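What follows is a short report on a single structure.
Residue numbers (UniProt numbering): 1 to 1073.
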């Protein structure tokens, strides 16, 4: 007993327990050890140093309690359980003391830091840094204000606070929000402001009578009492609970739930931890001489829309539902599956489901065969509508269409997720519904379109064409001939509706168009894939024909496994043709993880063993090579933990539309049966049966139209958000990333990797003079390291929906790492800032191309290259950009004429200044001219040498300048293909999607704005990459002279910086006096 008293009065020894407290709170390890103990060992356990730490004392006590002599314990089982329970309570008490001591120590340190800052602020005010500005950010303090219970006033709490706390009170309120029971929560940054609010509420007698205030209480664990009769009052329950807790305080009642038995309720109550442990141990309690089950209550929220936990349907952020029955991407109410698959179990039991993937590696999938569906839709809307369910039923990989239904220059009835390659006239189109299949656009002509797919060892080109029976067939044949000539000795498949008659493909006669097609086939050594005994591909009333052709080169003869005309109703005059190509299709994609559905604790557990080695690698880094190796190690460790914890995103086919019901499928099968009966009917009944089939087909078309309209109406009706998915589908069409394209003046032959390399060379050219920048001497002091608050602010504001870089590490993963292991990110960031080196693995950007609407598809300038950078690098780049902007604003190194990419400025201010200048010029009787010029590819064409020169003159800290120079070096861009990524160095410009691009562009534009311009043209301003001049003069001749001088000087500056003017975006406006 003396030893126990001695250890309990020494708070310094209790801190030792904080390091290894978890290993002594578990009994399994001690019981395993104690079973093999003997009585001789017990004598050694009783002799120990009285100055031993508490952790050692508890360990020895457990061994004494649980030890056995031969097969019999010296204590009864009941006493052993009681002793172990007392030891558990002792461990918990020690943990509380440890946490309290650590909290007091941290509070003392924070107080000392604050006092130290207050005494030295005036001394170092000139060197005030960005990190110093964020250092004072702490968790806000909150007070709750409610209406008084005996108050009959109708005035709201907000009005009372507004009248009581006036602006002269100088109270800094950070947040103001409503809470339950008509109350409000007021949050402030300091306790002083909270005390000021309390004193003013207590000092005002009128406010004191109307409102009451209190500090937020601590949320305690909850218990639930099952099936309490509704006749039992709360007072009776409280009296029963006080009997078990031996305490006079009442427990707080949270809410009631409907019971399992009639006229009963489940009562949920909140209990302090000590009472909670006591009640949980009893399992059942007596209330009015009846026993009721009592358990711990878990506050679990589940969304019935996405089936995820942690939120309800009202707060769900997802737009695509998850089925609670089959785990598919549709609403549970529409599910018709016969089997059950629980989505949450599938995602939580994913351990070791996928092989580990390294950085810059891609996951490969392979289609063993390629299913091609060929059809002429006859410009019929119903045929377009049924194309989606038909392709989903047949599992088609490619759709080759002619004459689809076009409205507003777009093919209607096609899901937005499908890739569409159409000709200029929209008469021929190639559609890829499968997301596992990627194609490169080779050619897009008036009536012909060609795409290339990587199959096997060599690529396969698919050409699709249409020629109306009333047009010149030689024009279409010439377009096909040009494509074939540009692809020598390659596999080519041609699907065309050329409306030519010839006995080679089923007709009984030959016309001029058929002869021209036959000569074209012989000249190019092509082979006809149509079956000689195939049924007609076109039927209308009593006429029939075989206008649809399938041709291939000699290299593809053995790969055409099947060519068949299907009986599926197409609601068009033509029939579906299914072609099976026996060739594997390879697809490579970067790994993406499903991080929105949890498993974060498993991820952090898998990452924890690598934390110390990663920190040691960065702390020992002395040069750029060490930083690159440590960064590679960090990425690989995070990827390995992700592979063991998260599921990967799969690219599946689009599901069948919800409007296509089982009744429509039954009706379609009935139409197939009617057609077969009409074909087998006797000659005298055949016409009547075909006429009956035609009438039923018209009814089916009307049913399809009605079902689709009703499905869209019900989809819009059940939507709770008026600007939800239905609004986006109708008014905000999704812009899909563009596929690979063979550019003009480029050789279209070769595989996807060659085409991607040509695109990168065209979009990211290398400058003529690529002199590397040099590091400046330390003329200014280095900037201070990043603080935890500074990094936390940047990571907190990361968007969770952003696409990750090539490594697959998204923003959610970064937030989870910083939440658990903050120094695992702070250590690399501060090491990079200290050495002024940006890691090379974080400079690799995955390029995604987006087509600019209305521009040619075969021009490189028609695409916007968006770079997906590694998330770790984007966080570091954001921190550096904030520091750079802070110093530029502090040193007044940015012109006030720049209104773009600057905090506190906008285009509205630029327009206001423009209008003021025009009004002043007109008031003075001058002519005013407005010249607006857009810089072509501003971000892509900035020269790195110019940026380095502007950084040297910015008077920013040395390490900030040097790390930005290092950021511009060794940059790489990659464009993913079916065979892997194409890689190219980026030696000019800034990636579109980087955080530093706007800040670096402002440096370049700043030099233009600060030039000495001619007289009366000093009114110049910039909005991002738009530059505007406002010259004014008394006569037009003077005005013309001034603007010509300004343009000549601007062109000279552009020549120095190697920038180009976008001629199609120039705006010239003259305002006469």
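We put the beta carbon where it would ideally sit given N, CA and C, even for glycine. Note that the coordinates shown come from a computational prediction; the quantities given were computed from them, not determined experimentally.
Self-check item: Within 8 Å, strictly: CB atoms of residue 412 and residue 381
Solution: Walking along the chain shown from the start, residue 412 turns up at place 412. Walking along the chain shown from the start, residue 381 turns up at place 381. Closer than 8 Å, so yes.
Quiz item: With burial defined as no fewer than 16 other Cβ atoms inside 10 Å of the residue's Cβ, what is the status of residue 322: buried or exposed?
Solution: Residue 322 sits at position 322 when you count from the first residue of the chain shown. With 16 or more Cβ atoms within 10 Å of its Cβ, residue 322 is classed as buried.
Exercise. Using beta-carbon positions only, say whether residue 273 and residue 311 come within less than 8 Å of one another.
Key: Sequence index remark: in the chain shown, residue 273 carries index 273 (1-based). Sequence index remark: in the chain shown, residue 311 carries index 311 (1-based). Contact: no.
Quiz item: Could you give the residue range of the alpha helix (DSSP H) that holds residue 220?
Solution: Reading the chain shown from its first residue, position 220 is the one you call residue 220. That residue, residue 220, is in no alpha helix (DSSP H); it is neither H nor E in DSSP.
Quiz prompt | Given residue 838 as reference, the closest of 618, 815, 763 and 1037 once Cα atoms are compared | solution = Within the chain shown, numbered from 1, the residue matching residue 838 stands at position 838. If we check each option's Cα against that of residue 838, 618 comes out closest.
Quiz item: Is residue 831 closer than 8 Å to residue 995 when the C-beta atoms are compared?
Solution: Your numbering for residue 995 matches position 995 in the chain shown. Your numbering for residue 831 matches position 831 in the chain shown. Contact: no.
Quiz item: When you compare each of 566, 768 and 1061 to residue 1048 by their alpha carbons, which one comes out closest?
Solution: Taking the chain shown and counting its residues from 1, one reaches residue 1048 at position 1048. Nearest of 566, 768 and 1061 to residue 1048, Cα basis: 1061.
Practice problem: Please name the residue or residues paired with residue 455 in a DSSP beta bridge. | Solution: Locating residue 455 in the chain shown gives position 455, where the first residue counts as 1. DSSP lists 458 and 585 as the beta-bridge partner residues of residue 455.
Practice problem: May I ask you to list the residues that DSSP assigns as paired with residue 444? | Solution: If you number the chain shown from 1, residue 444 lands on position 444. Partner(s): 449.
Quiz item: Counting Cβ pairs closer than 8 Å, one from the stretch 554-565 and one from the stretch 496-515, do we hit at least three?
Solution: Verdict: no, contact absent.
Self-check item: Whole-angstrom distance between residue 192 and residue 828, CA atom to CA atom
Solution: Here the question's residue 828 lines up with position 828 in the chain shown. Here the question's residue 192 lines up with position 192 in the chain shown. Computed Cα separation, rounded: 37 Å.
Quiz item: Alpha carbon to alpha carbon, what distance is there between residue 450 and residue 388?
Solution: Taking the first residue of the chain shown as 1, we reach residue 388 at position 388. Taking the first residue of the chain shown as 1, we reach residue 450 at position 450. Rounded to the nearest angstrom, the two C-alpha atoms are 22 Å apart.
Quiz prompt | residue 1002 versus residue 1008: straight-line alpha-carbon distance, rounded | solution = Along the chain shown, one-based indexing puts residue 1002 at 1002. Along the chain shown, one-based indexing puts residue 1008 at 1008. Computed Cα separation, rounded: 10 Å.
Quiz item: What distance in whole Å lies between the Cβ atoms of residue 846 and residue 808, which are believed to be in contact at a cut-off of 8 Å?
Solution: Here residue 808 refers to the residue found at position 808 when the chain shown is read from its first residue. Here residue 846 refers to the residue found at position 846 when the chain shown is read from its first residue. Contact doesn't hold; Cβ gap of about 10 Å is too wide.
Practice problem: Check residue 215 in the structure and name its three-state DSSP category. | Solution: For the purposes of this step, residue 215 is identified with residue 215 of the chain shown, where counting begins at 1. Correct three-state label for residue 215: coil.
Self-check item: Selection from 408, 573 and 401 that minimises the alpha carbon distance to residue 420
Solution: One-based indexing of the chain shown puts residue 420 at position 420. When only C-alpha atoms are compared, the closest one is 401.
Self-check item: Residue burial classification, residue 1052 (beta-carbon count within 10 angstroms, cutoff 16)
Solution: Taking the chain shown and counting its residues from 1, the one referred to as residue 1052 is at position 1052. Burial call: exposed.
Quiz item: DSSP on residue 917, reduced to helix/strand/coil?
Solution: Counted from its first residue, the chain shown places residue 917 at position 917. Helix.
Exercise. Find the nearest neighbour of residue 144 within the set 211, 941 and 575, judged by alpha-carbon distance.
Key: Start at 1 with the first residue of the chain shown, and residue 144 comes out as number 144. Checking every option, the nearest Cα to that of residue 144 belongs to 211.
Practice problem: Compare the C-alpha of residue 649 against each of 890, 590 and 299 and name the closest. | Solution: The count along the chain shown starts at 1 and reaches residue 649 at position 649. Nearest C-alpha to residue 649: 590.
Quiz prompt | residue 700 - DSSP class collapsed to helix/strand/coil | solution = As a first step, residue 700 must be located in the chain shown, where it is residue number 700. Residue state, collapsed to three classes: helix.
Exercise. Excluding the 5 residues preceding and the 5 following residue 455 in the sequence, name in chain order all residues of the same chain whose CB lies nearer than 6 Å to its CB.
Key: Numbered from 1 along the chain shown, position 455 holds the residue referred to as residue 455. Excluding positions up to five away in sequence, the list reads 583 and 585.
Self-check item: Closest residue to residue 1046 among 843, 614 and 1012 (Cα-Cα distance)
Solution: On the chain shown, position 1046 is the one that residue 1046 refers to. Answer by Cα proximity: 1012.
Self-check item: Cβ shell of residue 850 (< 7 Å), same chain only, five flanking positions each side left out
Solution: The count along the chain shown starts at 1 and reaches residue 850 at position 850. Taken in chain order, the residues that qualify are 735, 737, 738, 863, 864 and 866.
Exercise. Kindly confirm or deny that the stretch 631-645 and the stretch 655-663 touch, where touching means at least three C-beta pairs closer than 8 Å.
Key: no
Self-check item: Nearest neighbour of residue 991, chosen from 874, 379 and 784 [CA to CA]
Solution: Residue 991 sits at position 991 when you count from the first residue of the chain shown. Restricting attention to 874, 379 and 784, the CA atom closest to the CA of residue 991 is found in 874.
Quiz item: Taking Cβ to Cβ, would you say residue 925 is nearer than 8 Å to residue 1034?
Solution: Within the chain shown, numbered from 1, the residue matching residue 925 stands at position 925. Within the chain shown, numbered from 1, the residue matching residue 1034 stands at position 1034. A contact, by the Cβ cut-off of 8 Å.
Exercise. In angstroms with no decimal places, state the Cα-to-Cα distance between residue 173 and residue 162.
Key: Within the chain shown, numbered from 1, the residue matching residue 173 stands at position 173. Within the chain shown, numbered from 1, the residue matching residue 162 stands at position 162. Here the alpha carbons of residue 162 and residue 173 stand approximately 12 Å from one another.
Quiz item: If you compare alpha carbons, which of 921, 725, 447 and 895 is closest to residue 416?
Solution: Walking along the chain shown from the start, residue 416 turns up at place 416. Comparing Cα positions, the closest option is 725.
Quiz item: Would the stretch 518-529 and the stretch 548-555 be scored as touching if the rule is three or more Cβ pairs under 8 Å?
Solution: Cβ pair count under 8 Å is three or more, so yes.
Quiz item: How long is the line joining the alpha carbons of residue 40 and residue 58, rounded to whole angstroms?
Solution: As a working note, residue 40 is residue 40 in the chain shown. As a working note, residue 58 is residue 58 in the chain shown. Its pLDDT being 43, under 50, residue 40 is placed unreliably by the model, and nothing is read from it.
Quiz prompt | Every unbroken beta strand (DSSP E) inside the stretch 819-843 [3 residues or more] | solution = Scanning the stretch 819-843 from its first residue to its last, no whole beta strand (DSSP E) run of 3-plus residues comes out.
Quiz item: Cα-Cα, which of 386, 848, 398 and 612 is closest to residue 700?
Solution: Within the chain shown, residue 700 is the residue found at index 700, counting from 1. Cα-wise, what sits closest to residue 700 is 386.
Quiz item: When we look at the beta-carbon of residue 558 and count the other beta-carbons within 10 Å, is it buried (16 or more) or exposed?
Solution: Position 558 of the chain shown, counting from 1, holds the residue named residue 558. Classification of residue 558: exposed, given that the 10 Å Cβ count is below 16.
Exercise. Within 10 angstroms of the Cβ of residue 796, are there 16 or more other Cβ atoms? Answer buried if so, exposed if not.
Key: The count along the chain shown starts at 1 and reaches residue 796 at position 796. That one is exposed.
Quiz item: Can you tell me whether DSSP reads residue 949 as helix, strand or coil?
Solution: Mapped onto the chain shown, residue 949 falls at position 949. Note: residue 949 maps to helix in three-state DSSP.
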